[in-house]
Each structure stands twice: as structure tokens, then as C-alpha cells.
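Protein chains in written order, with our numbering: chain B, -6 to 660; chain V, 2 to 511.
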Amino acid sequence: MIERILIANRGEIACRIIKTAAKLGIESSVIFSKDDEGSLAVKMADKAFLLADSKNNSQEYLDIEQIIRIAKKDKIEAIHPGYGFLSENATFAKAVEENGMKFIGPPHESIKIMGDKIVSKVQAKNCGVSIVPGVDKETHNFSEARKIAKKIGYPIMVKASAGGGGKGMRVVQNEKDLEDNFRSAKNEAKSSFGDERIFIEKFVENPHHVEIQIIGDKFGNFIHLGERDCSIQRRNQKIIEESPSPFIDRTIRDAMAIQAINLAKSVNYYSAGTVEFIVDAQKNFYFLEMNTRLQVEHPVTELTTGVDIVEQMIRIASGEPLKFNQKGISFTGSAIEARVYAEDPSRDFMPSVGRLNKYAPPKEIRFDKRQIRNDTGVNEGSNISFKYDPMISKLCVWAPTRKKSLELMVDALAEFRITGIKSNLSFLIDVISQEKFQRGEFTTNFLSEKYPEGFKSRNVKNRDLEYLGAALLSLQKSFALESRSKNGSFPETRTYNPEDYFIHWNDKIIPLSWSFSDGCHRVKNRKEKEFIVKFGKLSFNEITSIQVNSRILKLWLSKKTDGYLVNWKGYEGELKIYSPEISGMLEFFPDKKMPVSHQALNAPMPGLIVSLDVVAGDDVQLGQRLCALEAMKMENVLYAERAGKIKLVKCKKGDILSDGDKILEYE
Amino acid sequence: MNKILDELENRRREAKQGGGQARIDAQHKKGKLTARERVEVLVDPGSFEEFDMFVSHRCNDFGLDKDSYPGDGVITGWATINGQIIYLFSQDFTVFGGSLSETNAQKICKVMDMAVQNGAPIIGLNDSGGARIQEGVASLGGYAEVFKRNILASGVVPQISVIMGPCAGGAVYSPAMTDFIFMVRGSSYMFVTGPDVVKTVTNESVTAEDLGGAVTHTTKSSVADMAFDNDILALREVRRLLEYLPASNRAGTISKKVYDDPERIEVSLDNLIPTDAGVAYDIKELIIKLADENDFLEIQPDFARNIIIGFIRLGGSSIGVVANQPKILAGCLDVDSSRKAARFVRFCDAFNIPILTLVDVPGFLPGTHQEYGGIIKHGAKLLFAYGEATVPKVTVITRKAYGGAYDVMSSKHLRGDINYAWPTAEIAVMGAKGAVEIIYKSDLSDKKKIEGHAKQYEERFSNPFIAAEKGYIDEVIMPRSTRKRLVRAFKSLEGKKQVNPWKKHDNIPL
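If you want it as C-alpha cells, here you go:
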């Protein structure tokens, strides 16, 4: 078997591959850019090689020539490309093989066919795979796009031919929006993939996204590892994936798997691959694309089948035949993956970059009835750079049933703590806690339907607020009494008569009364329901457990004046505790809104100006496109938040801006 | 007897009405609490004992003899906050606009005198239209009596002012001399002359908020320390501040039970300093990770943000922190940051609060703006403050400690008790580039040579070892174990006694 591999990637997937390599006794090397110096992957690898700077952003990891040179010099036997970057670059795969090394992935010919959305569709059609209506050739310009769109009818999908992972992919509802989207998709395609070819197809409404994982060896043996349901997506970016799918049954899955394997066979495929389908409400499925690489969401399959997909890829690349057939694969339990992103859900999921001030993931466990796995490439103190993908980690859980698995996921996410940058943790909890999601009733439109206005924060349930209030009111009283006692300890033997308090949380206020007797904090709500509160070991830098009746609340707490900054089950906010008198006085204060004038447009995040659509003197309308900022390989269009005349434009195309830098001023 | 009790009850009821219901409603309408409500919010429930409730003015001019209110527009007394005794006065805007009369001033002076005598903090809640004009010079005398007490109490007991309404003219000078000033956004103002006078005299049009509001004074003038959205938030924050302060300069160090491991290791601090010397980082992360319970009370958070000051606890004891902030202006020292830190260092020293200094300073900010602004004199204030301070002083150099700024930032030479450096520390006269351009002037035209010299200089000086060899650094410590080291260091200094030479007082370059 191969003994020395190079991983031509970064972040969590590099770490993931290193783990399997280590398990197999293989020496692993990684390449890294200057930004990734000191990253977890570099620390974990046996060897690490610094990539020389490249002229363009994040292009180091795409520098084929340099990577091959490093690999040869280090006498590398095989290269694993991970996902993204060069993973689906046929030229790279070919170059690896031509330089006497093995490419841990499929043959470059299959990559080439499947990597082209138009060619792959023709291929799929030819071997009997069901496909979506559309035009299977490139659309050159806007006027052509308009004609095609008219023919197949709106809504349509504008896609980068070389695209993937939601990049360079846009849904257009009507002709009015076509020009903007066509232009953006083309720009993104060019900057992300260096290939600006675009094509158009019919957009299937309310679809499910289900994909089949296959593995084939170099001897023509194929197996499938079941499906993954990746319907929970935001802007075509997968957020939550699970296996098995709660939507399709076994018959449909097997039918999809047969088509998937047929397609793979038709291009002489080997290694791991994924065939993506969209499934409509009537459970008709259509071929979407084939990903000729390891998928981000592969862990859910590993959890339900017990197969280490990376290991199989390495073995197959080494020339080993598959050691099991389809009968040897069994599917057990339910696995879910939630992608934890560095982004701000309350600001339209803008990427959030900076230092991970606090990074405390839940503990990984592998028990018979529960497993928690956290694939990550960061640790506390790591930097999330705007140059790369904003994913922080992939939190995966497994349990015997979907219900148990969902519960475990919510608990695991609730325990997860990230500060210094914004993350989507509470959003993930909110999504998973939705009844419809729990029942397995969702399509790829789930997020846009459930969160039409975006996501600000989780709304606390009154019942939960009472438990939280009882816990923190008792804590506050305990501290107050402790600081007043001479020897610094809370007098456990005394009795304190009931005192009334009001708990303020965002715009909710609930009354609770507190008393202390028989060594217990006793809190009562308005209906005289009693909460008995007990503290474990208290901490303000770790998760703290407080027991309220039979419930154990696991909280992240920071002390604030008259309250606490709380993070619990995805509820985030400042809880304040006031006496009834003070609570009443708060009514005298009107909401003092300091005038917010949009006198200027400031960069909401660091990034590169890729287009400026206005000049000084322009009259702009509310909602008009002003400019686009590229960060983390996504084009973020900034729109006018007010109508008015532009006084001056402070930057130009190609400028790199910091968070808060002025882009333009209104008159 | 019963008659007297009835009268007492009636008089109390009358006094509690202040200027009457209509004026109380007007006060509420402005988004302000009444003087009594403020006291209730500030102090522990039921702990307030009022003095001089029935005092009224003695003025007979301009019809004032027919207009009199018990208490005369200010509420005074003592109470407890978190169980600690404090003295307070709260000006009542509903009575003569809270204006200061002779008797009103006497009431304030009485509690100030008691605070000093009994060694307890004095808190003033200011909401006053100014002098009681009808009383003339008697009112002015009253002001001066208060000023005098502010001066004498300075450095003896903590003095805290909360500006909760207008505070104009001479009235501003009482809070100005106290240790901390809190203001309420949108309802409090401080200025020597109001917008109308400004307009008449200089023709400048300015709103009261812009001229002397909370935002102005906490971001531009630094007259005030913190701004809050309403009365309650401001008053409750006073309680939090007091948790860090001793009752007086005689009270010794204060400590509290904390829920944190003094030996807590913070691995992530090992990579806090970016590998690229040109990249900034947030020193607040260090402060928060060092502090007990990650709790940090920042003072003047919105002014001269290139230096950070505030309070934390280490091993339960209250500690004053001064830290350069590399994120803002590269953390340099300038006029504003020097003034801000100097006053804070002197406050800590006056009240025996040990000082932790975190150093990452590239030097003093150069330029005409700074020189004309008197950076020499202002920079000297910080130098002076550190040098004269006799409280325990522990310093950690995290990265740059260049030039004169190295000396200033609680260096060993200024009687720093324990001076640590991280392995990333660079203690030098200046950065390598600047240094070689001076040392190797003749090679300036040869870029390669200069680069070589710079590299050599870096290897020689961009580390903590030269300073450590000379004993200017006591120990090079790992970032991850800094908290543990600091808790031990301050513990070891608990018995510190240091006395400056006898003098009437020093002559700090004001």
C-alpha cells in the first residue's frame, strides 16, 4: 500500500484525511499558505510545506505546478485533494499521474466528463439516468439567456458550468432579475473556478436534495453506501445533512443507486463519488450532477455504514480491490451533520472573520447508542480568514433513531461555544428544533420559507424562560448573600422569606418570587409552581450546570450588572433581574433611539471590491445595487439602504477593505 | 405625643412629594427618575437613612419666603451598597430646578464631611439648573464649600458623580474633581456655558447634546468616564464599580470570593501574538482571559482607545489594569492615552489598588499635532504616575516595548515590582528598520546591506533576553500560564511597603 501521501488541501478536511492516514500507518504531509501557518492541519501532519505566495487571493492552493514540485521533492507516492480547490480539476489529477504519483480520486477522464455540467448531463441522459429539462449547452450572453429562459419558462437556474457547492449558482424568478443574476453568476464563476461558462436549466420547485454515495475500485466493482438528504440549504449551500433521508423510501433509494452506479460505470469511474439528485414532491428524481470527490458531508455515511470512506479511497488508489460487496454493507441508525459556519445570522449570514476567542466544541463520544463527532480544522485562538471557506466545523451525531439523533444534536450544539466571531450555532438549533424539521417535512425551500425575514435570535419559550429565570435568580441571590456574609460563604442554615423579582429577557418580562429554606433555593412563578434550584460547580469560563427541579440546565454565563449574559440551548441574550420597584420605573424610559443616519456606506466586513456600480453624483433608489464585495469567495452585493444622491465614492475596484471602511458617502 | 407623631408623618409625606406631583410627572416625561427614585435604585433595599429632611431655605428675597419645600431640593443621607456603607446626595430637579442654595449646600457638605470622617465613599447624583439666583452670593459660597470638600476628600474616599440632568456653569466643577463621572445619554449635560451663551458670544450654533452630552464627554473631552442609556443602567453600574473599590484610603486591599481556578491555563494565549509583526490583535482578549470569572470593568471605554484601563480581580483581589491596545493606533502613547492612563494609575495608587500593566507599545505618536498638544508634558504625567506609585506593580510585556515608551510603561526602572516578558517580547530602542537606518547611515543606498543589518539587529534585540540578562525582566513566562503567574505575583506582593521621601506634595507636570 501507499506509504507517503500529500494532502493538497487545508482546514478540517486535511485534518480528517491525516487521521485516517495515521490509522493506516501512512505518513502524511500537508501544504499550507502563509495564513495557515500554525493551523491544526499543519500541527497534525507529519510534514508541512509552505506554499510560496501567489498573486491572487487564496490561489496558493490552486498552484498545480508548485504542489507537484513539492510532492516530487518529498518523494510523495499519492496526493489526496480533499474537496474544493483542485479536487475536481482533471488537469491536476492528470499531472499527478504523469509525474509518477497516484491521485487519490477518480481517473482524470471521469473528472473531466462529470466536471462539466453540460457534458455530464448528456452522459447521464445517454445511460438512462433521469434528467431535468433544460438546455445542455453553454449560454454566452444575457440576450441568449433571456431567450432560453423564456423558452423553458421561469423559474430557471443559472449555473456555472464548473460550479459546485452553491457557488456561481442562482435561481431567477422572473425576467427582471435575470440580468443582475446572470452577471453575478458569471463573475463568481470566473473568480471561483477560472471558467466563466454558464448554462441554464429549468428550476424544479420545492425539491428535495438527495445524493447517493458510491465507491468503485479499479477492477470495476461498485457498491453504494446509501443516501444523504441535503435539503436544508441556504442559497444552495448545504447546512444540515442526514442519512437516511426521512423523505424517500428504500425502493426509491435503490432505484437511484442503480442509476448512480450505471453512470459511474459508464465513465470507468473508480474511488469515491457522489451522484446528486433532486426529488420532487411526487418523488420523481432527476440527476443533478456527479461530484467526483470526497464530499463535505461524507461523515454521515460513515456513521451509518461504519465504512471509512477516506480509507477506501486510499486503498483503491493503491490498487486494492474492494474487500466487501453490497451485501456486506448494512445501514444502521440515523446520522446528522450540522455545518458550523463563521457567519452572522442576524446580518443576513454575512461571513464573520477574526480570531476564535473561544472555541469549545462538545466532547466527541463513541458509545453504543450515541456518537458525537466533530470534524474541524481549528482550535481556540485560530484565525478565520476571509480568504477561505467560513466553515468552522462539521458537528455530526449518530443514534439508533432519527428522534434520538436530533435530540443529541440539539444538546451537542447547545454545548458548543464560539466567541470572538459570530457563528450560526443558535440558528442551527432553531432549525433543528422546528416541528416540521423534526417530522422530516422539508424541501430545499425550508429555510427561505421558515425564515423569510432572516434570523435574528431564538425566541425563548415561556416555560424555558421560567426555568432559566429561576436558576439565575437563585444564583444572583446566592452571590449577594455570600458577599454580605462575613466569612464569604452563603449561610445555608438560615431561612429567607419570599421576595418578588422581575426577570427581563429581550422584550419579555416574567415575575418570580424567591425564598430560601431547608437549605434550598425555592422559586415560584405566578401560578405558584415551585422550582427548586441546586448548583453544581460554578464557572464563568466553562459550561455550568444548574439543576432546576429535575431539569439540568447547561449554561454559558458571563456576569453583567444585575444579570447575566446567557447562552443556553441557542438562546442568547442578557437576562436582567430587577426588583418590582425598579422594574416598574423602567417604564419611564422611552426607547432612546439615537438617530441612525445612513450618511455613508461602510464595508460590513473585510473584503475585496469586485464591482462599483455607482459614481459620485448618481441618484440612487432604495434597494439599488451599489457595489459588490468579495469575501470568502462569495460575492456580497451591497444595496442602497436609502434613496439619495451619492456625494463621493471613497474606493475603487480592486481595493481591499477592512470592516467598517467607508465605501461611499451620500449628500 | 400623638399630635407630634401625626405631624412627623405629615411632614415626611410632604417632604417625599418634592416639588409636587405635576413636577414629578414632568420629570418622568423627560425620561428621568425623581431624586428619591434614584436613591431607591442605587442603594440596597431599605438601607437608606435620610438626613435633614425638613431643612428649608432661609431666603426672603424675590418672593422666595412664600415658596418653600422641606429638604430644599436635595436629598442626603447614608445607605449601603452591596452591604458597604456609602454617603450620598441626590439633587431634586422638581424643587427649584434642583438649584443650589446655601442650605442645600450645607446638607451636601454635611454628608461629605461624614464620608471623609467615617471612611466611606460619597456618591453625588447631579440634576440641577445651577445656582439659586435669588440667593446670590450665598449660593456661590455654597458651591465653593462643596468644591473645598471635593478637594480635601480626593484620595481619601472614592467620590463618584452621576450626571442625570443639567449640570452647568460653576456646578460642573464639583463632579469634575471627583474620581468617576457617569452620564446618561440624551438627558444629561455638562458645560461651563450653555448653547445660548455660546451662540451669543461666538456665533457658534450647537445643541446641548453636542456641546456637553454624554457622548461628547465620553468620546471627545474625556470629562466623563461612561455613558448609559437611562438612569437605572447608570445607577446600577455605580454598584458594580463600587465592588472593586475600597471604602477609603485606609481600608486596605479588598477581595471577594470568586468562582475561578487561580491556576487556570489558557492555551490559546500562546498564539495571541500574530506571527506577522505588522498585524494587530485585541489586548482585551488577554485581559478577559486573565481576569477572574472573565470579568472586566472597563473605564473610559470610548476615549483614547489606544490604551485600556479598568478593573479586574485576580485570585479574588481587585486589580487596576493598564494595557496598550495594538488594535487602535498600533497601541502608541499619545496625549490622550497618557492623560487617561496617568489619572487612573494615580487613582489606584491613592486607594491601594495594585496595578497590572500589559505592554505592547511601539512608542510615542510622532507629529506636530502631538508636539503642539504638549505630548512631552502629558507623556510625563504617565511616567510620573508610575514612578511615584507605591502599590504593588506587575508588568507583562507581550510584544513591543520600544524606546521611551518602554521606560514609561511601569518598567523595572520605575520601581516595577515584578516585570515579566512573553517569549514574543521585543525590548529595544526602536524597531529594527528604524534602528539600522540610524546606525548604518552610510549603507542607506545599499538596500541589501540594510536588510542584512536589520536582520542582524532583529536577531540581537527582537527578543526578551537582552533585557532579561540585565535584570530588567525578572522572568520570561509562557502566555498560557500568565494568569497563574500573576495571581502568585500579586499574592507575593501583598505585604509590600514602600514610602516616598517626605514632601508637602509632588509637582506632577499638570
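Glycine included, every Cβ here is placed at the ideal spot set by N, Cα and C.
These numbers come from a predicted model, not from an experiment.
Whether V:F399 touches V:G417 by CB criterion (9 Å): Correcting the residue identity first, residue 399 of chain V is Thr in this sequence and not Phe. Cβ atoms of V:T399 and V:G417: not closer than 9 Å.
Counting only beta-carbon separations shorter than 9 Å, does V:L330 have a partner in chain B? no
B:H497 - containing alpha helix (DSSP H), residue span: No alpha helix (DSSP H) contains B:H497, which is instead part of the beta strand (DSSP E) from 489 to 498.
Does the distance from the C-beta atom of B:V216 to that of B:C223 stay below 9 Å? It should be noted that the sequence gives Ile, not Val, for residue 216 of chain B. Not a contact, by the Cβ cut-off of 9 Å.
What are the residues in the region 560 to 585 of chain B lying within 7 Å of chain V by C-beta distance? S572, E574, I575, M578, L579, F581, F582, P583, K585
Could you give the residue range of the beta strand (DSSP E) that holds B:H73? 71 to 73
Can you check which of these residues, V:P424, V:G404, V:A225, V:F55, is closest to V:G19 by C-alpha distance? V:F55
Under 9 Å, Cβ to Cβ, is there at least one residue of chain V near B:T369? no
Beta-carbon gap between V:V158 and V:A121 smaller than 9 Å: yes
Is the Cβ of B:M587 closer than 9 Å to any Cβ of chain V? Note that B:M587 has pLDDT 46, beneath the 50 cutoff, so the model's placement of it is unreliable and no number is given.
Nearest to B:Y352 by alpha carbon, out of V:I310, V:A426, V:V500, V:E267? V:E267
Around the C-beta of V:Q118, are 16 or more other C-beta atoms found within 10 angstroms, so that it is buried, or is it exposed? exposed
In whole angstroms, what is the alpha-carbon distance linking V:D73 and V:K504? 42 Å
Answer with buried or exposed for B:A609, where buried requires no fewer than 16 other C-beta atoms within 10 angstroms of its C-beta. exposed
Cross-chain neighbours of V:E38 in chain B, by beta carbon under 7 Å: M578
Three-state secondary structure (DSSP) at V:T95? coil
At 4 residues or longer, what runs of the alpha helix (DSSP H) sit wholly inside the region 279 to 330 of chain V? 284 to 291
Using a threshold of 9 Å, state whether the C-beta atoms of V:A225 and V:M178 are closer than that. no
Counting contacts by CB-CB distance shorter than 9 Å, is V:E50 in contact with chain B? no
On the three-pair Cβ rule with 8 Å, is the region 120 to 132 of chain B touching the region 188 to 200 of chain B? yes
Where does B:P588 fall in DSSP's three states? Only weak support exists for where B:P588 lies, its pLDDT of 44 falling under 50; the value from the coordinates is given anyway. The answer is coil: DSSP assigns B:P588 none of H, G, I, E or B.
Provide the residue span of the alpha helix (DSSP H) that contains V:A455, from first to last. 448 to 462
Should V:V268 be flagged as near chain B, meaning a C-beta pair shorter than 9 Å? yes
By how many angstroms is the C-alpha of B:E446 removed from the C-alpha of B:S590? At B:S590 the pLDDT is 48, less than 50, meaning the model places this residue with poor confidence; the figure from the coordinates comes in the next sentence. Cα to Cα, B:S590 sits roughly 22 Å from B:E446.
Thinking just about the alpha-carbon of each residue, which of B:K643, B:L601, B:Y659 is nearest to the one in B:S184? B:L601
Since V:A116 contacts V:I123 with CB under 8 Å, what's their CB separation in whole angstroms? 4 Å
Quick one: what's V:M191 bridged to in DSSP? V:C168
Please list the terminal residues of the continuous alpha helix (DSSP H) segment that includes V:P196. 196 to 203
Partner residues on chain V for B:E373, Cβ-Cβ distance less than 7 Å: V268, S269
Smallest Cα separation from B:F186: which of B:D170, B:N167, B:V203, B:A155? B:A155
Is there a C-beta anywhere in chain V that falls below 9 Å from the one on B:K552? yes
I want to see whether chain B comes within less than 9 Å of V:K394, judged by CB atoms only; does it? no
Would you say B:E30 lies against chain V (beta-carbon separation less than 9 Å)? yes
Which residues bound the alpha helix (DSSP H) around V:K258? Run containing V:K258: none; DSSP gives neither H nor E here.
Grouping DSSP H, G and I as helix and E and B as strand, with all else coil, what is B:M162? strand
Using beta carbons (cut-off 9 Å, strictly below), is V:I233 in contact with chain B? yes
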